[in-house]
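Count the sequence shown with mature numbering (1 follows the signal peptide of the UniProt record, and there is no 0) and you get residues -24 to -1, 1 to 276, in order. Even for Gly, the Cβ is constructed at its ideal location relative to N, Cα and C. Heads up, the thing below is written out as structure tokens.
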Amino acid sequence: MKRLWSFIGVTILAMTCWASSAYAQTESYIAIGDSLAAGQTPYQEIDAGYSDLIAMKLSSLGQLSFYTKELAFPGFTTADVLERIQSEESKHLLENATLITVSAGANDLLRLVKVNPTAGTLAFSQLQTDSTLNLARKNMITILDELNELAPKAKIFVMGYYFAYPYVHPTQKKGTNEQLVKLNTILQQQAEDAGAVYVDVYDRFGLDAINYLPNSADVHPNFEGYRQMANAFLQSYSGSNALTISSSELPKPNPLSFEEIIKQQLSAKSKERETTQRQSTRTAYAIQGFPGYKAFLENI
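In structure tokens:
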């Protein structure tokens, strides 16, 4: 009996050590991609998005050493993301990354969709869509190849997309949803081929996610929508629901206009010049304020 209890005790200890070691790594996290990675709100401002919530959760557990979303920018297509990660500035960030999320592909497709929120209708060209999806596929192959080379220490997660038009008439949803499913399939296939992890957010939203997409004239989610995306990632990251973010953990809204972000960046760059020589180690960027949002300056 003593041997049995001894065996059980050793087994429990081993399991406990394994569970704690699974989350022991301190992450250097870089969010890359479009407006969803940047945290755009339904009202054309920037606030905490899914990447900020991920960083918030990891930080609360003592598992975050660095975080930035300066490689994310509203409107970025797969071509823009590819160009961005190939810049010299990006290379310096990526070389020390241990965790990367990528949101890219939606703007390639959605810019072809013409929506009339008042009438509840949308339309797109099938021929253009097929060509666009093929180009997005090729760009994603190159993006993931580049990231594997530029960030050899990083685990890469490719974020899928949700259906962004819950307010259109039900008969109008089918065609666009089919194209979205094709895009998500492409993202999943290329992620798996590159040794990355695909994060499915589609099922968490469905076709009628008006609670997550409150503005019928905009495709961006509210905090609850971003929470769903963050939790989809955290489930893939941890292999369980252990890191799930509850609604009560969401930060208070602190939206910034693009103009405010530019002013903040100018101030941050001035301070960076003063402290660079004195600072030998990098620290996590502020989740709510995200100084270092250099993409805005470079694209305006």
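Spatially closest choice to residue i from the options, by CA coordinates
i, options, result
"Pro128", "Glu200, Gly96 and Leu69", "Leu69"
"Glu3", "Tyr138, Ser35, Pro231 and Thr220", "Ser35"
"Gln101", "Ala112, Pro93 and Leu86", "This sequence places Ser at residue 101; Gln is not what is there. It is Leu86."
"residue 300", "Gln166, Gln204 and Gly201", "Any answer about residue 300 is impossible in this case: the structure gives the chain only from -24 up to 276."
"Ala80", "Gly171, Arg113 and Gln211", "Arg113"
"Ser107", "Gln155, Glu21, Ser11 and Gln16", "Gln155"
"Leu120", "Ala172, Asn153 and Asn187", "Ala172"
"Leu232", "Asp23, Asp10, Gln148 and Gln1", "Asp23"
"Glu200", "Ser224, Ser212, Leu183 and Asn124", "Ser224"
"residue 278", "Leu88, Tyr174, Tyr138 and Ser243", "Residue 278 lies beyond the residue range present for the chain, which begins at -24 and ends at 276; the question has no answer from this structure."
"Ser212", "Asn187, Val175, Ser243 and Gln240", "Val175"
Rounded C-alpha distance that separates residue i from residue j
i, j, result
"Ala140", "Ala185", "8 Å"
"Phe234", "Phe49", "11 Å"
"Ile237", "Ile8", "18 Å"
"Asp28", "Leu189", "18 Å"
"Tyr143", "Ala218", "33 Å"
"Pro93", "Ile61", "35 Å"
"Asn110", "Ala193", "28 Å"
"Phe42", "Gly96", "43 Å"
"residue 317", "Lys33", "Outside the displayed span of the chain (-24 to 276) sits residue 317, for which this structure offers no information."
"Glu105", "Leu40", "First, the residue type needs correcting, since residue 105 is Thr and not Glu in the sequence shown. Approximately 39 Å, taken between the alpha carbons."
"residue 307", "His145", "The structure shown has nothing for residue 307, since the chain only spans -24 to 276."
"Glu65", "Thr147", "46 Å"
"Glu122", "Ser63", "11 Å"
"Ala227", "Tyr202", "According to the sequence displayed, residue 227 carries Pro and not Ala. Between Pro227 and Tyr202, the C-alpha separation is close to 12 Å."
"Gln204", "Ala170", "25 Å"
"Asp56", "Glu21", "20 Å"
Continuous alpha helix (DSSP H) stretch holding residue i: start and end
i, result
"Tyr213", "Phe199 to Ser214"
"Val144", "From DSSP, Val144 is part of no alpha helix (DSSP H); its letter is neither H nor E."
"Thr44", "Run containing Thr44: none in the alpha helix (DSSP H); it sits in the beta strand (DSSP E), Leu40 to Ala48."
"Lys67", "Glu64 to Leu70"
"Lys33", "Tyr26 to Ser36"
"Tyr178", "Tyr178 to Phe181"
Terminal residues of the beta strand (DSSP E) in which residue i lies
i, result
"Val78", "Leu75 to Ser79"
"Glu122", "That residue, Glu122, is in no beta strand (DSSP E); its alpha helix (DSSP H) goes Gln102 to Leu126."
"Val173", "Val173 to Val175"
"Thr97", "Thr97 to Ala99"
"Glu3", "Glu3 to Gly9"
Rounded Cβ spacing between residue i and residue j (contact assumed at less than 8 Å)
i, j, result
"Val177", "Gly136", "5 Å"
"Leu47", "Ile6", "6 Å"
"Asn207", "Ile221", "6 Å"
"Ile30", "Phe209", "6 Å"
"Val195", "Leu163", "No, Val195 and Leu163 are not in contact; Cβ-Cβ is about 17 Å, not under 8 Å."
"Ile74", "Gln1", "Looking at the sequence shown, residue 74 is not Ile but Thr. That belief holds up - the Cβ atoms of Thr74 and Gln1 are roughly 7 Å apart, short of 8 Å."
Any non-hydrogen atom of the ligand HEM closer than 7 Å to residue i Cβ
i, result
"Thr220", "This structure does not include the ligand HEM; it has no bound ligands of any sort."
Proximity below 8 Å, CB of residue i to CB of residue j
i, j, result
"Thr77", "Ala130", "no"
"Thr54", "Asp84", "yes"
"Pro18", "Asn198", "yes"
"Asp179", "Ala82", "no"
"Thr152", "Leu103", "no"
"Leu45", "Leu126", "Residue identity differs from the one stated: residue 45 is Lys in this sequence, not Leu. Not a contact, by the Cβ cut-off of 8 Å."
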